[in-house]
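Data first, discussion second: the structure below is written as structure tokens.
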Amino acid sequence: MLKNLHLEEGGLVSVVNAALPVASFARFQPQSTDFLDISNPKAVLENALRDFACLTVGDIIAINYNERIYELKVLETKPKDAVTIIECDMSVDFAPPVGYQPTDSASSSKQSDKDLHKIEEDHIEIPSVVQGFQAFSGTGYRLDGKNKQDKTDETDNGQSLGQLKERERGVPNYNYQPGSLTFFRNLKQITAEKIEEPVFKPFSGTGHQLKSRKK
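When you line the sequence shown up against the working numbering, it's residues 287 to 501, in that order.
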């Protein structure tokens, strides 16, 4: 209090009675970045303001927490520049501490994401041959001794379907959403021509006699 009133011990003080409105809002600015080490600053400030009766814009109040002194400057009060805080419901806000330099976290995170994406693109390689065991990957032989003729279908770019499948294997789905299942179905085309089924006709066969007729 002596510091706020710019007094020394033994000085004279002239007191005038004044009626102050009840506070509804107050904004404080910590005078040191050490205030950021407090985990719940609003609870600490609420407990410290119980020792004060009023607040005035421009005052610097000191609070004792964990055997350390933290100074807070009153930047703004509502509804007026001088308010009483006895039995009031007041909203509290904090301004950045003196000497605080905010880091551009948004731009740094975007840059890091861009660099990470670039690194992933540089290291993505589609394997041309699948490593590991492959069933029926050997050559075939015919019983008549002739050479086996391989029939492979080719795509538009000249690659066989087997090579294309080998390239597709092992490539992860980057659009996969956790918790979702996707089922792939190969739809068969229904032919327009209807196959006529044979109609059953009773007694349509040939007849045989057990005994030949006498002439």
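Backbone N, C-alpha and C define an ideal beta-carbon position, used for all residues, glycine too.
Coarse secondary structure for residue i, derived from DSSP in three states
| i | result |
| --- | --- |
| Thr-441 | Bear in mind that a pLDDT of 49 at Thr-441, under 50, signals an unreliable position, so the model cannot answer this. |
| Arg-471 | coil |
| Ala-309 | coil |
| Ile-405 | With a pLDDT of 49 at Ile-405, under the threshold of 50, the predicted position of this residue should be treated as unreliable, and no value is reported. |
| Phe-321 | helix |
| Asp-337 | helix |
| Thr-342 | strand |
| Gln-315 | strand |
Range covered by the beta strand (DSSP E) that runs through residue i
| i | result |
| --- | --- |
| Ala-368 | 368-370 |
| Tyr-356 | 354-364 |
| Ala-348 | 346-351 |
| Val-378 | 377-380 |
Option in the options with minimal Cα separation from residue i
| i | options | result |
| --- | --- | --- |
| Pro-383 | Tyr-356, Thr-425 and Ile-372 | Tyr-356 |
| Asp-337 | Phe-469, Ile-372 and Leu-322 | Ile-372 |
| Val-299 | Ser-466, Pro-307 and Met-287 | Met-287 |
| Lys-289 | Gly-344, Ala-309 and Ile-324 | Gly-344 |
| Gly-385 | Glu-353, Lys-366, Ile-349 and Ser-318 | Ser-318 |
| Leu-291 | Phe-314, Ile-347, Gln-315 and Leu-306 | Ile-347 |
| Ser-310 | Glu-353, Asn-333 and Lys-366 | Lys-366 |
| Arg-313 | Pro-464, Cys-374 and Phe-380 | Phe-380 |
| Ala-305 | Ile-324, Leu-341 and Gln-463 | Leu-341 |
| Ser-252 | Ile-349, Gln-387, Glu-353 and Ala-329 | For the chain, the structure presents residues 287 to 501; residue 252 sits outside this window and is missing. |
| Asn-333 | Pro-464, Tyr-351 and Asp-430 | Tyr-351 |
| Asp-375 | Val-308, Leu-331, Asp-323 and Gly-431 | Val-308 |
Enclosing alpha helix (DSSP H) for residue i [first to last residue]
| i | result |
| --- | --- |
| Ala-334 | 327-334 |
Buried versus exposed, by CB contacts within 10 Å (16 or more), residue i
| i | result |
| --- | --- |
| Thr-363 | buried |
| Pro-488 | exposed |
| Pro-327 | buried |
| Gln-315 | buried |
| Ala-503 | There is simply no residue 503 to check, as the chain begins at 287 and stops at 501 in what is shown. |
| Phe-321 | buried |
| Val-369 | buried |
| Leu-293 | exposed |
| Val-360 | buried |
| Leu-467 | exposed |
| Leu-358 | buried |
| Leu-496 | exposed |
| Leu-429 | exposed |
Residue i beta carbon near the ligand GTP (any heavy atom closer than 7 Å)
| i | result |
| --- | --- |
| Glu-373 | Because no ligand of any kind appears in the structure shown, any question about the ligand GTP cannot be addressed here. |
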